[in-house]
Structure formats: C-alpha cells, structure tokens
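Note that our numbering has the sequence shown beginning at 0, numbered continuously upward.
Here is the structure we will look at, set down as structure tokens.
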Amino acid sequence: MAKLHVVLFEKPAVYWNDQKMIFPFAKMEALLYYLLVTGEATREDLAALLWGDMGDHAAKRNLRNTVYLLRKMFSVDLLITSSRAKIALNPEIVAETDLELMTVTDIVNFLEKNPGEFLGGFYCKDAASFDEWVTEKREQFRMDSINYLTKYIIKLINQKEYMSAKKYLKQLIGMDAYNESAYRVLMKIYEKEDSYKAMEIYQDLERKMAQDLSLLPSAKTQELYRRIKDRKSSRAIEEGVVSNQRFFGREKELLQLRLWLDDFYQKGHSKQMILLQGDQGVGKSAIIEQLFSSIPIKHSNIFRTQCYQAEFEYVYKAWNNIFLQVMSCLMQADVHLPLLWQQVIAYVFPTTKISETLLHKEVTMDAYKFSATTVEEIMCEVLGKAANLKKTILLIEDIHWMDKQGWLLLWQVLRIHGKNIICIATCHAEYLQQIDKTMEEFERSNMLEHLEIGRFSAQDVMKLSVLRLPGISKEMQSRLYDYTGGNALFLIECLNLIAAGRDISHGSIRLNSVLKERTGNVSDNARKTLEIASVFFNNVNYEVLQAISRINEFELVEVLEELQQKQLLMEDLDSNRDGSAYKFYNLQIRNYVYNQMSTIRQRMFHKQAASYLEQLLQDGMQSKDVYEHILYHYTNADEKLKMLDYTIKLSEKYFCPQYEMFPELNRYYPTGYVDFRESRSQITTYLEKIKELLDVLVHPKIADKRLDAHKVAYWEMSGRYHIWRGEHLLGLKLIHQMLRLASVQKLREYQIKGYQQIIYCGIQTRRAYLIQEFALKLLHLTEHDELPDKKATALRFLGIACALKGQHQEAENYYRQSLALFKKLATRNRFYAFTIAAVQNYIGDLRRESSDYQAALHHYEQAARIAGRKNISEGVALFYINAGYTAFQIKNYAKAVAYLTEALSVAEGFGDQKGYWCLRGYCTLNCVLALIAVKQHRPYEARKYFEQAKDFLKKYNDQYQNGLIFRTQAEIKLLMKDDAKVAEVFEDDLPLPAVEYYQQARKVFYKMGMAVELKSLEDMMDEYSSKR
C-alpha cells in the first residue's frame, strides 16, 4: 500500500510515494493537515473551519468537493467516512508526521528534524477559524517541546553530562527567551567550569528583559549573579594588581573584553568589531594594553595602527602600518603571495616590504586595469592569509580619523574573515556623531559591540590616590577629583606631580599645566627638536630632524636620548623607513608643544619641512605620500601659491580621473590613482579648494606667470568634469576660457586637451561640424609637433564627424587610417588598447547603420576583447552594451543578455559615479532588458528595467533615448495583447495605444536621421501586424 509522508513543521510539505504533491488550492491542503493532527472531525466542524464565511449549504458543498479531490489525488482509502457525520484519516496510509517523536525520550530527535514552527509559512485565505487553530497548535506544540526538553535536560544533569546539558539549555533558552530557571542552571554549569561565560549569560538576560519588558531578572537570579561576580572580579583584580601595579580598576570593562575575546578564540565572536568609546585621555588605550597583558595571547597576530586627523582625507592611510606588519608577518612565515597581489599592495602602500623579485622592478600600475573593488578584494585576501596562520586582532586607535575607503575595507575584511579576525578600536566620545552614519552599516550587519569607558568616580579617584601615594591627605584626595574630573590621564599626571613634590594648588589643574611641567625642564636644543617634531602629524625621521634643526649630529643624538628618557619622544618601531624615526608618547604632548609656539614659528618650521620634502621629490622620491605631506606643510605655513601648486598636482596626478569613454593613457593624462571610483567622488572637493585659492590669489592681482598656468589647469579639469556630467554649456564655456589663456601662454599641452574636450562634447551632443572643426585643429597641431598618437586620435574624430553626416565611406577611411597608425604605435607601447578598441567600436557603428548586424556584432566583440574585461572603463561598458543591443536586434536574446549582464558587472566598478555618456548607454541597456524580460514572461522584472530607463530622461533631454523609450513602449503595448500578466503590470504605465508610441518614436528617429532605427521600428510593427 502507498504511504503518506508529511512534514508539519517549518516548511510544510506532503509526499505520496516519496513524490512531493502540489495542491490545486490551499484549503485542500489545510483540510489534510487538520486531519493529520486531529485524526477525525465532524463535517460540520470542517465546513465551519475552512468555509465559515459562507452559508451552510455552500460550505458543505465545498467540503464534499474537497474530499472528492483528496481521494482522487491520493487514494480512495485516504479518508474514512463510515458515518455521514464524521470524516477520519486512514491511519494505515499515514507513514509518519514526526508528532510521534514528541516525548521525553525522543524530543531531541524531534527538534533536530523540526527546527521551525508548526505549519511555518503556510497561509489559507478566507479561513479565519483555521488560522486561529494553527496559532493555538503552534503554542501547544511549543509548550510541549519546552516541557519535554526541560525533563530531558534534568535527566542529563543527574547523569553529570554537563556538555550536552549546556547545549540543550541554550536551545531551551532560544525557545523560551525569559525562562530564568534555564538561565540559572546554565550559569551554574559555567561557574563549575570557572568560566567568565556565566556572567555574560546573565548580562544577556538582563539586557533582553530591560529592552523587551522593562523589567529586571528575579531576585533569585540577581543573587546568583552577584555571587559569581564577586568571585570572578576579586580574582581578576588580584591578578591585575600582581601583573601590573600601575593599572587600576576597570574590572567590569576588562571582564567584558575578556569574555568577548574568549568567545573569539573558542568559536569566533558573533560580532567582529569592539568599539571602546570615551573622553580623550579617559584610559581606553590603557585598558587595551592591560587586556593584552592579562590574557595569554597565544598563536595570535596583533596588528596595530593609529589614525590621525591630518590623514583623514587620504585614502587607506590608516591601513599603512597594518599592512607593513602583515607583509612582514607573511614574509617571516614564508607565505608566497601572487605577484599581482604584491604589485597592488606595493602600489597602495609604497613602504611595504615586497618580495625580492619586485625589488629590482619598477612597480607600475594601470589605473584602468583594476577597479576599486578588485584592489579592496586583494587587500582583504592578504589580511585573510595572515589570519589563516593565526587568529588576528586589528587594533585601531582613534578610528574616528579613518578615511571613508578605510572604513569600507574594514567592513569587507570583517564580513569575509570575521571568524579569524576581530577589530578592537578606540574613539573619542566627542567624535561619535561624526562616524554615526558609517557605523550604521556595521550595526545593520550585526558586527558591532559598543563598550563605553567612563571617567573614574570620586570613590575611584580616592582609592587610586591612596594606592599610588599611601601618605596622601584626605583633603588632597577629595580635591583631586575636582581638579581632574575623573579623567585618567589628568589624574595620573597630577599624582606624578604630587609624588615629585610639585604644588598643584595654583589654580585649576588642566592637562596643559601637566604637560607644561613635563615639557618645561628640557634643554634649548631639546625644546627646538620637540617643536620641529610637532609640525609632523605622525612621526619624523632622524634625517629630517637633523636637516631642519641644524644641530650637530652628536648633540642631536644626546637630545633624542634626553627626550626619550623624559618620555616625551619615543622611537617608532613600526616605521618602515630607512633609519630611525621618532614620535611623541601621545598626541596630547604633540598638540601642547605645537600650540605653545607662535604662529610665525609654526609657519617657519612647516616651510622648512616642505622645502626638505620638495628636495626629496626632485631627487626622485615620487609618491602620493610625499605630495600629501608637502601640501600639508605648505597649508600650515599659509604659503597659498605653493598650496595651489600642490593641490593642482595632486588633483591632476591622483584625483582627476579619465572621464573620456576611451581614455588615452599617456603623458597628457597620467595613469592616475588606482582607486579611481574614490577619485571621482573627491574631484569636486579638490576643484573647490583650487577655486578658493585662485580667488584669494587673484584678488590682490599677484603678478606671477605660474598663476596663469594654474588657472588653465583648473579650467581644464573643471570643464572636463562638467562635460562628463552632461553639463555641456558650462563645460564648453570653461574649456574655451582655458583655450584662450593657454594660447596666450603657449601651453600647447592644454590646447590639445581643450580641443579633445570640445570634441567629446560634440560627440555627446551629435554636433558633426563642431567635431570636424576641432578635429582639424587638433590634426594641425599634431602634424606641427609630430605627435603620432594624437594624429591617430584626430583621424578617429574626423571619422566620427563623417559618420554623423552620413558619409559612411569617408568615415571608414578615416577609421582605417587611425587604426593603422595606432597598431603601429602599439608595437612600442601597450597603452593604446583602448584607442584601438574604440576604432573597432566605431566601425561596428557603421556596419549597424547599414543593417549588417552580424558584421557589427563582430566588431563590437573585437572591441571588448581588445580592451579587456579587467580594464574598468565606461568605454568597455559601452562595447558590451552595443554588442548586447545588436544581438537583440538579430533576436539572439541569450547572447544579448550575456553581454548586457557583463555591462552591468562593469558598472559596479563605477559606483554612483557615472557620466552622461555612460548613463545614456545604460538607458539603452535597460530598454533592451525590459523587452527581453517581457518576451520571457517576467513582467515585474521588465517594469523595473523600464523604470530605470525612464529615470535617465528625467535628468537629461536626450532625443535618441527618448525615441528608444517610445519604441520600447510601443512593443510592450503590442505584447500586452497576448499576455494578460504583462497587461496587468503595465496597464497604468502605458495608457496610450501602441500606434501612438510608434508614431512618437518614428518622429524622433526621422528628425535625427537615424535610418537604421527607423527600419528596426518598421520591421517590429510589420512583424506584429502579420501575426494579427
């Protein structure tokens, strides 16, 4: 006899002869579930249960029909109807439902097989009585499971099987969140094991009851917690005093940190980041150091870094020290990284140690070869390699000064490698609001633990003062809290002053007075050295100190020894520079020394530091770090012309990305910063800074030719940015302004840039004569200056102008000349891949215009292959979109979707930073994907794509895309006649008849002279007309 197997919990399902059954309607399935649980029921009860909203006659008729269908689907023997009043389920047919496992003996097996609730996710429309029955049964089964599991746990405890008891107690708490008896039993088991986990369990209960019920645990539970806490806390304090006589208090904070780290080492803590927050100087770093000294950190990596305010705007700067340590760790462990990974790390962090094979090579990176995502993934994997060797702790001090990209990297690292990596970070309370939005992502991902570090209480201050100075008077004990406010740094420094016999009663004691005492009793040369070191926001190497201070080398060594002995400066062992580097013991000392100098003295030292670094730049030390440091010093020296000079250099070299569809990677446009997505978001900030500086410098009419060159550079970058954004009139105005001044100053490089920008604008606005005029000017300049690469580019532009005028043969001739010249140049320089691919793309456009779609598709595929998938550029996206659209026109929908999916994948590398021409291409992409989705009966997905396509027109008035959207609307309207679901989804969006949309599309394409689009439109209408 066939058997019925039924799953009643979590996702309900019915199997007949091991085949899952699909019911035609929910009430038929509901009737079977009800009888499986109850065994039998009267017809009257069943009719009321499932059809209670109907009359008696109709309800019973529906019941008869449902019973008939059940027997027909399964077997005539499924239901027993021996009397007309009752219906029962045949027990011989039912194989199992798992309800038979709900006993003390089998409850564990039952819960393992059925982790979800009764009939989870099952819904029966218009059956309120059935829903009420399901709710009652869910609660009944839950309570039965709790009772049976409780009895099973007691049995385990009596047999002293504590490991199993812990497991099932946790399961019981998951089922009954406020079962304090279960919490207490679990706490007692952990207490026997001498584990801090017992206290963590109570804190979880206390937090949950406070949040959910606004109640405290019972007195009995609180008493158990106090007893355990007293034992653990006293032991922790004793161990802390023995291990470090200088550390005081913080038992609760240390206990919590120990619990979290214990969890991390045992199974991987569920939250991968611990944020210690509190006032500056409250003792956050001291707590962390005490934690590391009191817990045996075996088989662990601890990678440390300090974030600085001066580095806030510099991408990944805070990660530099961590990667120095990581790479050193991997090299010591003889872990070999792929050459590509080493190149990326060496590029982003130039001071890191790399393999011998790279030491003798020039590490160069192509900004378009790697997306921001790729670089981020490589950094994550490098950290993952270190974490695979040992459990890893990232210690980040003052994380509120970490840059935006640094935060994103941290999130990815913890998300991917959270089992083996935990981050402990400190943050000043006053900057919490600054990072609130950033922390929201960590909160949403359930990654973050907060630990607030408060100031010492008055009682704590008195206890510490007696511990450190046993003879201190009662009066001084009470006064100390008033003077220090419980701030650990202030308090310790005041105690040191008292111990040294200093008088602290002269006025209100503040940190500055403490620091004055510490820095006041030094030699003149030591004071000068401290002042020079304070103008560097991180550390300063020995050579810089010697060059700027001009102190005799023997005397400088003595000065450094003096400052280290007085714990004002310390050697920076984490620095990877050649020679020694030094930093302040803490930032408060550095800030105090810096602020004590007069403004003129601060500027003098900043200017000397900048001059020294400029010399390094001239000697070949070309790196982003050096530019940033020079700019930092000239900014603080208030040297505005120099500030402008280096802001422009930084912008052009690292923050001014290629906005062209097919960028030329040559000396006119440097390869740029590897993280060009971030650079696009930062360019507006840099342009604003440059404009502010120009306004300041132009106002007094400073006579300096360099100022004209800076204006030209600013106008070119700003004009390029606005053209890329689709703000063509403003962009052209700036470029023409730039060209006039560049011509006067004979800045040929910027003239070439300007001509190209006007041509790019002409391409975007389809102005053939504008393209031709400036392409000829560009060609004239290239022939005069013998620039073959620019000549090839000019020829390509002339081809585009001819193509827009309908002169296809002339256009192809220009394209072929350009292609031949680029291929000749490519034999000596690999940077011409984009430009060669661009010519292939434009030849593809010519083939498509002549309706030779197969040939067009071939050229688009060639363009994509030459450019390469890894070269993240808007041009590569355009190749895929053109290929996808062409494949769609020849009805090869599979290939069309494949290419358009590749284009979407490329777009991920841009983030929100997409230009006008790129957005225009993605409007085409969304129209095509919408049509394919409709044809494949996925109307909701089609509507999503269509809405995204229309979003483009809300921002830009692009005639071609307007016509394409009308054409898409016309075809969807025609398809609505054959598909009711499509008609339902698009009914409100497409109120007009198809012919109206067709006429609008035809009008647009005719006006633009786009014969191929007109033909495609007519072919589409003819195809649907022939089907009618």
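The beta-carbon is built from N, C-alpha and C at its ideal position, and this holds for glycine as well.
- Per DSSP, Gly277 lies in no alpha helix (DSSP H); the unbroken beta strand (DSSP E) holding it starts and ends at Met272 to Gly277.
- Taking Gln255 as the centre and dropping the five residues before and after it, the same chain places the C-beta of Leu450 closer than 7 Å to its C-beta, in chain order.
- Only exposed fits Ser292, as fewer than 16 other CB atoms lie within 10 angstroms of its CB.
- Per DSSP, Arg747 lies in no beta strand (DSSP E) segment; the continuous alpha helix (DSSP H) that holds it begins and ends at Arg747 to Thr764.
- Per DSSP, the beta bridge partners of Arg303 are Leu394.
- Taking one beta carbon from each stretch, the segment 91 to 98 and the segment 41 to 53 have fewer than 3 pairs nearer than 8 Å; the two do not touch.
- CA-CA distance, Glu310 to Glu530, rounds to 20 Å.
- Residue environment for His298: exposed (fewer than 16 other C-beta atoms within 10 angstroms of its C-beta).
- In chain order, Leu769 and Ile770 place their CB closer than 6 Å to the CB of Gly761, counting only its own chain and leaving out the 5 sequence neighbours on each side.
- The C-beta separation of Leu408 from Met378 comes to about 6 Å, placing the pair in contact by the 8 Å criterion.
- In this structure, Ile156 lies away from Phe263, with their beta-carbon atoms at least 8 Å apart.
- Comparing C-alpha distances from Arg966 to each of Gln342, Leu989 and Ala708 shows the shortest one belongs to Leu989.
- The segment 440 to 476 is shown to contain whole beta strand (DSSP E) runs of 3 or more residues at 447 to 451, in chain order.
- The shortest C-alpha to C-alpha distance from Asp844 to any of Ile682, Thr304, Thr826 and Val1011 is the one to Val1011.
- Sixteen is the threshold: since fewer than 16 other Cβ atoms of the shown chains lie within 10 Å of the Cβ of Ile599, the residue is exposed.
- As DSSP reads the structure, Gln404 sits in no beta bridge.
- Each residue's CA atom was taken as its position, placing Pro349 and Ser622 some 8 Å apart.
- The segment 411 to 428 makes no contact with the segment 322 to 338: fewer than 3 CB pairs, one atom from each, lie closer than 8 Å.
- Within the model, the alpha-carbon separation for Glu613 versus Phe583 is close to 24 Å.
- Beta-bridge partners of Gln18 (DSSP): Trp15.
- Rounded to the nearest angstrom, the gap between the Cα atoms of Phe489 and Gly280 is 7 Å.
- A direct Cα-Cα distance of roughly 21 Å separates Arg815 from Val875.
- Fewer than three Cβ pairs drawn from the segment 135 to 149 and the segment 53 to 64 lie within less than 8 Å of each other, which leaves the two stretches out of contact.
- Across the set Leu824, Ala810 and Tyr307, the C-alpha of Ala810 shows the shortest separation from the C-alpha of Asn840.
- Its chain contains Leu612 as the residues whose beta carbon lies nearer than 6 Å to that of His628, once the 5 sequence neighbours on both sides are disregarded; these appear in chain order.
- About 16 Å separates the beta carbons of Cys926 and Ala906, which is beyond the 8 Å limit, so they are not a contact pair.
- Counting along the chain, Cys422 sits inside no alpha helix (DSSP H); it lies in the beta strand (DSSP E) bounded by residues Ile420 to His427.
- The beta carbon of Phe773 sits closer than 6 Å to the beta carbons of Tyr754, Ile757 and Ile758 from its chain, once the five residues preceding and following it are set aside; these are given in chain order.
- Below 8 Å, too few C-beta pairs join the segment 461 to 476 and the segment 430 to 446 to call them touching: fewer than three.
- Looking at Trp400, Ile344, Thr391 and Ile395, the one whose alpha-carbon comes closest to that of Glu376 is Ile344.
- Under the DSSP assignment, Lys582 falls outside any alpha helix (DSSP H), being part of the beta strand (DSSP E) whose first and last residues are Ala580 to Phe583.
- Counting only residues of its own chain and dropping the five nearest sequence neighbours on each side, Leu393 has a CB closer than 6 Å to the CB of Phe302 and Cys422.
- In the structure shown, Lys85 falls within a strand segment according to DSSP collapsed to helix, strand and coil.
- Here DSSP, grouped into helix, strand and coil, assigns Met174 to helix.
- Residue state for His298 is assigned as coil, using DSSP reduced to three classes.
- Ala802 counts as buried, since at least 16 other C-beta atoms from the protein chains shown sit within 10 angstroms of its C-beta.
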